[in-house]
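Notes follow the structure.
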Amino acid sequence: MENSPQSSSSKPTLTSAPSLMETMMGLLRIRVKRGVNLAVRDVHSSDPYVVVKLGDQKMKTRVVKKDVNPEWNEDLTLSVSDASLKVKLTVYDHDIFSKDDNMGDAEFEIQTFIDSLKMNLDELPSGTIITRIQPCRSNCLAEESCVMWSGGRVIQDMCLRLRNVECGEVEIELQWIDLPGSRGLY
0 MENSPQSSSS KPTLTSAPSL METMMGLLRI RVKRGVNLAV RDVHSSDPYV
50 VVKLGDQKMK TRVVKKDVNP EWNEDLTLSV SDASLKVKLT VYDHDIFSKD
100 DNMGDAEFEI QTFIDSLKMN LDELPSGTII TRIQPCRSNC LAEESCVMWS
150 GGRVIQDMCL RLRNVECGEV EIELQWIDLP GSRGLY
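Residue numbers (numbering that gives the first Met the number 0): 0 to 185.
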């Protein structure tokens, strides 16, 4: 009875959970460019900063003092394992003696951007628009957003209209970073 469980000389197999690199598709770099006509939350102005969340990850920009049209030009980088998740962006007014005030939020999907990355685009001239996304009730776009091939990479510029606030928009740009050892886009 060589095949019986008692006489088997095989060792137990250990199964391990996949590593972070094996589940990660790559990195999403979000360049938070600027805020436009943000809400006033202090006496005459606001001290805004932006928080972006994807799944359980959270990154934030620096605070810009007394400016409702702040220029951040900061890159926030998040790892992507699931392209169906939406990115949530929230603007806050920094306060020293009380809880920071919410200045509005927006959500955006990254699936269309990631689908564009999967195309063979190397032969396209720089500046070619791959796809256009129109503003509608199901997204927070203030205007048309174009996914384009620029300088040998895919980028997407967005102007997001903030929700749950009287006014304000945030301009961002998406870029993708491939990681050696990650599972990639497929």
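Glycine is no exception: its CB is placed at the ideal position from the N, C-alpha and C atoms.
Minimum Cβ-Cβ distance from residue i to chain D less than 8 Å
| i | result |
| --- | --- |
| valine 31 | Going by chain labels, chain D is absent from the structure shown, which holds only one protein chain. |
Burial state of residue i (16 or more Cβ within 10 Å)
| i | result |
| --- | --- |
| arginine 131 | exposed |
| isoleucine 171 | buried |
| isoleucine 129 | buried |
| valine 249 | Any answer about residue 249 is impossible in this case: the structure gives the chain only from 0 up to 185. |
| arginine 180 | At residue 180 the sequence reads glycine, which differs from the arginine that was named. So glycine 180 counts as exposed. |
| serine 144 | buried |
| methionine 127 | Per the sequence shown, residue 127 should be read as threonine rather than methionine. It counts as exposed. |
| phenylalanine 112 | buried |
| aspartate 104 | buried |
Inter-residue spacing [alpha-carbon to alpha-carbon] between residue i and residue j
| i | j | result |
| --- | --- | --- |
| isoleucine 176 | aspartate 66 | 31 Å |
| valine 56 | isoleucine 29 | The identity of residue 56 in the sequence shown is glutamine, whereas the question assumes valine. Cα to Cα, glutamine 56 sits roughly 13 Å from isoleucine 29. |
| glycine 54 | serine 44 | 32 Å |
| methionine 0 | asparagine 119 | Because methionine 0 sits at a pLDDT of 46, beneath the cut-off of 50, its placement in the model cannot be relied upon, and the following sentence gives the value as read from the coordinates. Whole-angstrom Cα-Cα distance: 56 Å. |
8 Å Cβ cutoff met for residue i and residue j
| i | j | result |
| --- | --- | --- |
| tyrosine 91 | proline 47 | yes |
| phenylalanine 107 | cysteine 139 | yes |
| leucine 186 | leucine 77 | Outside the shown range of the chain (0 to 185) lies residue 186, about which nothing can therefore be said. |
| glutamate 186 | leucine 159 | Nothing about residue 186 can be read from this structure; the chain reaches only from 0 to 185. |
| valine 79 | methionine 24 | yes |
| arginine 40 | glutamate 70 | no |
| valine 31 | leucine 75 | yes |
Three-state secondary structure assigned by DSSP to residue i
| i | result |
| --- | --- |
| phenylalanine 107 | strand |
| aspartate 99 | coil |
| threonine 127 | strand |
| serine 115 | helix |
| glutamate 122 | coil |
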